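Asker: This structure is in structure tokens; I'll ask about it shortly.
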Amino acid sequence: MKVIKVDPEKCTQCHTCDLWCGVEIGSTAKELNDAIHEKPQPLPRVHVEGNNFPLHCRHCEVAPCIDACPNGTMRRDPQTGLVYVYEPTCIACWMCVMVCPFGIIAPSASFHTAVKCDRCRNMEYPICVDVCPTGALVLEEREEGATWYGYAPKRSF
Amino acid sequence: MDFIQRKTADRAVELFLNEAAEKEIPLVWDRYEGSLPQCGFCETGLNCRDCLQGPCISHPFKDQNKVGICGKDKDILGVHSFVRLVVQGVMGYLDQLADFAKGVEAGEGSPKRKQEAAKILNDIQGMWGGGDTDVMKKFPKALIEGWKATGVYPDGIGNALFKVSQKLDGGVGNVEETLLWAFKGALMGCAAQMLQGRLKASVFGDTAPTNVEVNLGVLQKEFPNILFYGHFSPLLKRKIAESAKGKKIGFTGVCTDPFVPPYSFAPVTNYGSQEIPLMTGAVDLIVAGDQCVNPSLTELAKTWKVEIISTEGLNRGSLDALAQEILEKAQEAFKARGEVPRNIPDAKESGFMGFSVKDIDVNKILKAMSDEKIKGIAILAGCNNVKLTQDQEIVSLARELLKKDVFCISEGCASVSLAKFSLLNPKQREVSCGKGLSALLASLGKNVPAVIDLGSCENSGVTDFLLSLSNAGKKHLKELPIVACFPEANRTKAVARAAWTVAMGVPTYFCPFLPVTGSQKTMDALGGYCEEKFGARLHVVTQKMEYKEKVDLLMKSLKRI
Chain A
263 MKVIKVDPEK CTQCHTCDLW CGVEIGSTAK ELNDAIHEKP QPLPRVHVEG
313 NNFPLHCRHC EVAPCIDACP NGTMRRDPQT GLVYVYEPTC IACWMCVMVC
363 PFGIIAPSAS FHTAVKCDRC RNMEYPICVD VCPTGALVLE EREEGATWYG
413 YAPKRSF
Chain B
964 MDFIQRKTAD RAVELFLNEA AEKEIPLVWD RYEGSLPQCG FCETGLNCRD
1014 CLQGPCISHP FKDQNKVGIC GKDKDILGVH SFVRLVVQGV MGYLDQLADF
1064 AKGVEAGEGS PKRKQEAAKI LNDIQGMWGG GDTDVMKKFP KALIEGWKAT
1114 GVYPDGIGNA LFKVSQKLDG GVGNVEETLL WAFKGALMGC AAQMLQGRLK
1164 ASVFGDTAPT NVEVNLGVLQ KEFPNILFYG HFSPLLKRKI AESAKGKKIG
1214 FTGVCTDPFV PPYSFAPVTN YGSQEIPLMT GAVDLIVAGD QCVNPSLTEL
1264 AKTWKVEIIS TEGLNRGSLD ALAQEILEKA QEAFKARGEV PRNIPDAKES
1314 GFMGFSVKDI DVNKILKAMS DEKIKGIAIL AGCNNVKLTQ DQEIVSLARE
1364 LLKKDVFCIS EGCASVSLAK FSLLNPKQRE VSCGKGLSAL LASLGKNVPA
1414 VIDLGSCENS GVTDFLLSLS NAGKKHLKEL PIVACFPEAN RTKAVARAAW
1464 TVAMGVPTYF CPFLPVTGSQ KTMDALGGYC EEKFGARLHV VTQKMEYKEK
1514 VDLLMKSLKR I
């Protein structure tokens, strides 16, 4: 499974990733100049925070958001292992928002759904990795069972 | 981010692209590709570097980061981006004028019409004071009254330009007011351009329409080539040409004024492909001014062992000595570069350039307009922009407009683009024009091409043409079917030019990019508010569209729908 790896040494907090994420994934227009004026405001799935670190969904192997979701809206793609929100059934209960250990999932009042990064699962390449000018974001193969990405070692429920 | 687009429509330039790729010589298109994706905040004008607490952005998709550290919100950021470009553009015009005027004042020129030159020099001094220069009086009274009422009348460099530049540094002006300041600055640039054109005419005499050859084929194989790049004092140009009298030396230019009577310097190419002449190996010396010259030339010149002489050094010395030095260096370089192969493509087009308003009977144009023989007048201006296929946009626009019986005038680098595609060749006139337009052009004179070039951006041919049109027709410019288009705009000077064209009441289309699109308020102000104040809008066209759609937009503007 391929995930986005962040190199904080290379990140300059230029916000290019969250800008283009908002355009490509968040907006309906898909053009920067039109997306800017869109209402409701498009929501980027990646957040660049204070310490040079763009926050993406880690697609945890044991994902608390999937466990917490009461109606199966939070799902895992069986082929790629990527975690995504199936928006039509989201009831905006924000359970996933509460349990996410990384604070990735955004409760969107205007869209009435939980919004989170799905690593551009329908695209060939994640847009943030594509646009990052310093190469701080790269797509990397993740070993199965590796724990540096997850919140807990593998266990069975 | 891949860059998939044809690089240029110019065959002569295309010949060298393969060679550049094989030898791994980076050209402008490669550098553009390397810079992708470009910063979206800068692209939409939502950034600011005006102080040292920043840089700041206004994030369009987040609830925090909405305003800069000093409190500039996205609308102020957008309008400040516009002001910044206009100020820099206007400075360009003032720099050209100041440099030239200083030379004339020092007695370098020995003007042809001495009294007129002295009067204009006096007028230039007047720009420092109240700005009531003689050139400003050429504008129709109603227009000036309107400008004074709005507060955009350019009342002196101090009042107009310096104040505008300080809008960027702080203050509490809102979007509309700040925008008007930008227009005030732009009109200062307009005055400077008019003064420069007039000073040039008084020093060297009037420019007559001249048959000029363009494109890479104008370079000489057998004797030295000196290329003039960018803008520098026409006095120096004349000195160089004069001291080469009797010697076989080819003088050509890139992005420079091709006319310094009695000399003319054939344009080798235009902005987008300004690096290509070096690749022919036939360039022996480059004399470079400041504006419109790509810094990449220095690296590329090393590859072809070409020396570049800057005319804008700190201690320039006398023009005579510099001219002599340039000539000697060129001759030496020609001998020393003997073993460098000269690969000059057989690409040459001829066209008539350098018309002025005296050569055109505006009454005939007005009559054709009222008889509906022609649909209106389109002004084509601007250089090349690497974001678009070089020359393609402007040439296809012009061809389509001509077919639809729109009278086209052009200036500056736009003329070189059009000349390369034989739209300035009178022989090709019949082929490219619609019936009504063809008849009008034929009645204007034998050597009138399909598109009329009104001189480079160093003189105010287009402004003078518009003014005489307004005077002869006894109508405001905003009532006449005129539209301006910058299809491949690139320089800050083009932004200033677009701004003053709008202030005169001519709707203007600006493509492909202007960093104001992030602010809806600024866009609205450039549209509706300008319409209300000046009777014309500045349309910023950032969407990719077919040239036919653009023509439809222009035609709609002509009808003032």
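Chains as they are written, first to last, in this note's numbering: chain A, 263 to 419; chain B, 964 to 1524. Positions of the beta carbon are idealized from the N, C-alpha and C atoms, including for glycine. Treat the numbers as computed from the prediction; the structure is a model and nothing was measured.
1) Hey, is the segment 1473 to 1480 of chain B in contact with the segment 1498 to 1517 of chain B, meaning 3+ C-beta pairs nearer than 8 Å?
2) What is the DSSP secondary structure of ARG337 of chain A, counted as helix, strand or coil?
3) When you compare the CB positions of VAL1325 of chain B and ALA1435 of chain B, do they come within less than 7 Å of one another, or not?
4) Run through chain A and tell me which residues come within less than 7 Å of THR1505 of chain B, C-beta to C-beta.
5) Does any residue of chain B bring its CB to less than 7 Å from the CB of LEU399 of chain A?
6) Bridge partners for GLY1314 of chain B per DSSP, in chain order?
7) Mind checking if GLY1491 of chain B is an interface residue toward chain A, Cβ cutoff 7 Å exclusive?
8) Taking 6 Å as the limit between beta carbons, can you name the residues of its chain near MET263 of chain A, skipping five residues before and five after?
9) Considering only DSSP beta bridges, list what LYS264 of chain A is partnered with.
10) Kindly provide the ranges of any alpha helix (DSSP H) runs that are 4 or more residues long and lie completely inside the segment 1152 to 1227 of chain B, ordered along the chain.
11) If you reduce the DSSP assignment to three classes, tell me which class THR935 of chain B lands in.
12) DSSP on SER1373 of chain B, reduced to helix/strand/coil?
13) Along chain B, in chain order, which residues have C-beta atoms closer than 7 Å to that of TRP356 of chain A?
14) From VAL1394 of chain B to VAL1411 of chain B, what distance separates their C-alpha atoms?
15) Considering only residues of the same chain and omitting the five flanking positions on each side of ASP1098 of chain B, which have a CB-CB separation below 8 Å?
16) Under 7 Å, do ALA1344 of chain B and PHE1449 of chain B count as touching if we go by C-beta distance?
17) If you measure from the beta carbon of VAL391 of chain A to each beta carbon in chain B, is any gap under 7 Å?
18) In chain order, which beta strand (DSSP E) runs of at least 3 residues are fully inside the segment 266 to 326 of chain A?
19) Using a beta-carbon distance cut-off of less than 7 Å, what residues from the segment 350 to 378 of chain A approach chain B?
20) If you compare alpha carbons, which of B:ILE1120, B:ASP1169, B:ASN1174 is closest to PRO1389 of chain B?
21) To the nearest angstrom, report how far apart ALA354 of chain A and PRO369 of chain A are at their CA atoms.
22) Using only the alpha-carbon positions, how far apart do PHE315 of chain A and LYS267 of chain A sit?
23) Hey, would you say SER1431 of chain B sits closer than 7 Å to ASP1220 of chain B, going by beta carbons?
24) What are the boundary residues of the alpha helix (DSSP H) that TYR1472 of chain B is part of?
25) Tell me where the alpha helix (DSSP H) around ALA1466 of chain B begins and ends.
26) Using a Cβ-Cβ cut-off of less than 9 Å, list which residues of the segment 269 to 290 of chain A approach chain B; keep chain order.
27) Considering only C-alpha positions, which residue in the set A:LEU401, A:ASN295, A:CYS322, A:GLY334 is nearest to TYR218 of chain A?
28) What's the C-alpha gap between ASP1186 of chain B and ASN1178 of chain B?
29) Which residues in the same chain as LYS1409 of chain B place their Cβ atom closer than 8 Å to its Cβ, once the five residues preceding and following it in sequence are excluded?
Answerer: On the basis of the data shown:
1) yes
2) strand
3) yes
4) ASN295
5) LEU399 of chain A is outside the set of residues whose beta carbon lies under 7 Å from a beta carbon in chain B.
6) B:VAL1175
7) no
8) Excluding residues within five positions, the ones whose Cβ falls inside 6 Å are GLY343, ARG404.
9) A:GLU403
10) 1197 to 1206
11) Only positions 964 to 1524 of chain B appear in this structure, which leaves residue 935 of chain B out of reach.
12) In the structure shown, SER1373 of chain B adopts extended strand secondary structure according to DSSP, grouped into three states.
13) Correct list: empty, because the minimum Cβ distance to chain B is about 17 Å.
14) 14 Å
15) The residue asked about is misnamed: residue 1098 of chain B is Val in this sequence, not Asp. Closer than 8 Å at the Cβ level, and outside the excluded window around VAL1098 of chain B, lie ASP1086, ALA1154, MET1157, LEU1158, ARG1161.
16) yes
17) no
18) Segments of the beta strand (DSSP E) lying fully in the segment 266 to 326 of chain A: 309 to 311, 315 to 317.
19) none
20) Of all alpha-carbon atoms in B:ILE1120, B:ASP1169, B:ASN1174, the one lying nearest the alpha-carbon of PRO1389 of chain B is that of B:ASN1174.
21) Whole-angstrom Cα-Cα distance: 7 Å.
22) 11 Å
23) no
24) Looking at the DSSP string, TYR1472 of chain B is not in any alpha helix (DSSP H); the run it does join, the beta strand (DSSP E), is 1471 to 1473.
25) 1455 to 1466
26) CYS276, HIS277, THR278, ASP280, LEU281, TRP282, CYS283, GLY284, VAL285, GLY288, SER289
27) The requested residue 218 of chain A is not part of the displayed model; chain A covers only 263 to 419.
28) It should be pointed out that residue 1186 of chain B corresponds to Phe in this sequence rather than to Asp. Going by the C-alpha atoms only, they are around 18 Å apart.
29) PRO1389
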